[in-house]
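Residue numbers (my numbering): 1 to 140.
See below for the structure under consideration.
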Amino acid sequence: MSKLSFHKYQGAGNDFIIIDDRAQTFDLSLVPRLCHRHTGVGADGVILLQNANATCFRMRYFNANGQEVERCGNGLRCFVKYLKDQGLAYNKIVVGKDLVTGFFVQDRVAIEMGAVPEIKKVAIHDREVFLLNTGVPHAV
Numbered sequence: 001m002s003k004l005s006f007h008k009y010q011g012a013g014n015d016f017i018i019i020d021d022r023a024q025t026f027d028l029s030l031v032p033r034l035c036h037r038h039t040g041v042g043a044d045g046v047i048l049l050q051n052a053n054a055t056c057f058r059m060r061y062f063n064a065n066g067q068e069v070e071r072c073g074n075g076l077r078c079f080v081k082y083l084k085d086q087g088l089a090y091n092k093i094v095v096g097k098d099l100v101t102g103f104f105v106q107d108r109v110a111i112e113m114g115a116v117p118e119i120k121k122v123a124i125h126d127r128e129v130f131l132l133n134t135g136v137p138h139a140v
């Protein structure tokens with residue numbers, strides 16, 4: 001049985017397992033088992049730290065079911081805090097196809113993720129809802 005080193009962070013009600021995968025050896029099939037709340041560590045998702053290039057890191061995010069998604073805002077904030085805690089550069093991060101900026105306002109993590117490309121207003125059960133995609137589809 002091999003060992004797996006990880007950190008667990010939480011933000012705004014979501015919790016994440018963060019793994020340093022700069023060697024790119026993590027077995028992605030482990031994600032659902034690790035995230036299982038009764039038989040694993042328990043988490044909303046797994047975040048992998050990987051090298052993007054000589055000047056910044058890449059964040060890869062996987063939902064608890066193992067599906068990779070382009071980004072997760074709460075996960076990204078936790079990732080920036082993790083990078084800072086590890087003494088690593090956190091100001092420029094590759095997420096999906098984008099380069100995002102992480103910074104701190106006093107002791108709070110902030111992220112510049114860019115503009116949402118499209119927002120649609122729809123009616124659902126007599127309620128007005130806005131559909132947008134920040135890397136993961138949301139209904140607000």
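By construction, the Cβ of each residue, glycine as well, lies at the ideal position given by its N, Cα and C atoms.
Who are the Cβ neighbours of residue i in its own chain at under 7 Å, not counting the five residues just before and after it?
| i | result |
| --- | --- |
| E128 | K121 |
| M1 | Bear in mind that a pLDDT of 49 at M1, under 50, signals an unreliable position, so the number given afterwards is only what the model happens to contain. Same-chain partners within the cutoff: there are none. |
| P142 | Missing from the structure shown is residue 142; the chain here goes from 1 to 140 and no further. |
| Q24 | Q50 |
| F6 | I17, I18 and I19 |
| D85 | none |
Among the options, which has the Cα closest to the Cα of residue i?
| i | options | result |
| --- | --- | --- |
| I17 | F130, L131 and C78 | C78 |
| T134 | I111, I124, H125 and D126 | I111 |
| N14 | V100, Q86, L99 and L76 | L76 |
| G45 | Q10, N53 and A123 | Q10 |
| V136 | G73, D107 and R37 | G73 |
| A52 | R37, K97 and Q86 | K97 |
CB-CB under 6 Å to residue i, same chain, minus the five flanking residues each way: which ones, in chain order?
| i | result |
| --- | --- |
| F130 | I119, K121 and V140 |
| V95 | M59 and R71 |
| E68 | F62 |
| V80 | Y90, G102 and V109 |
| L83 | Y90 |
| A43 | D15, F16, I17 and C35 |
State the CB to CB distance for the pair residue i and residue j, rounded to an integer number of angstroms; the pair is presumed to be in contact (CB under 8 Å).
| i | j | result |
| --- | --- | --- |
| I19 | L48 | 6 Å |
| V41 | K8 | 7 Å |
| Q50 | D21 | 5 Å |
At a Cβ threshold of 8 Å, is residue i touching chain D?
| i | result |
| --- | --- |
| A123 | Structure shown: chain D not included; a single protein chain is present. |
With a Cβ-Cβ cutoff of 8 Å, do residue i and residue j count as a contact?
| i | j | result |
| --- | --- | --- |
| A64 | C35 | yes |
| F57 | L88 | yes |
| A105 | M113 | Reading the sequence as shown, one finds Val at residue 105 and not Ala. Their beta carbons are not under 8 Å apart, which means V105 does not touch M113 by this criterion. |
| H125 | L132 | no |
CB-CB under 8 Å to residue i, same chain, minus the five flanking residues each way: which ones, in chain order?
| i | result |
| --- | --- |
| T39 | R33 |
| V116 | L132, N133 and T134 |
| T55 | A89 and K92 |
| A123 | V129 |
Practice problem: Give, in chain order, every unbroken run of the beta strand (DSSP E) that is at least 3 residues long and sits entirely within the region 105-136. | Solution: 108-112, 119-124 and 127-133
Exercise. Would you mind listing the alpha helix (DSSP H) stretches within the region 7-52 that are 4+ residues and don't spill past its ends, in chain order?
Key: 31-35
Quiz item: What alpha helix (DSSP H) runs, 4 residues minimum, are completely inside the region 52-89?
Solution: 73-85
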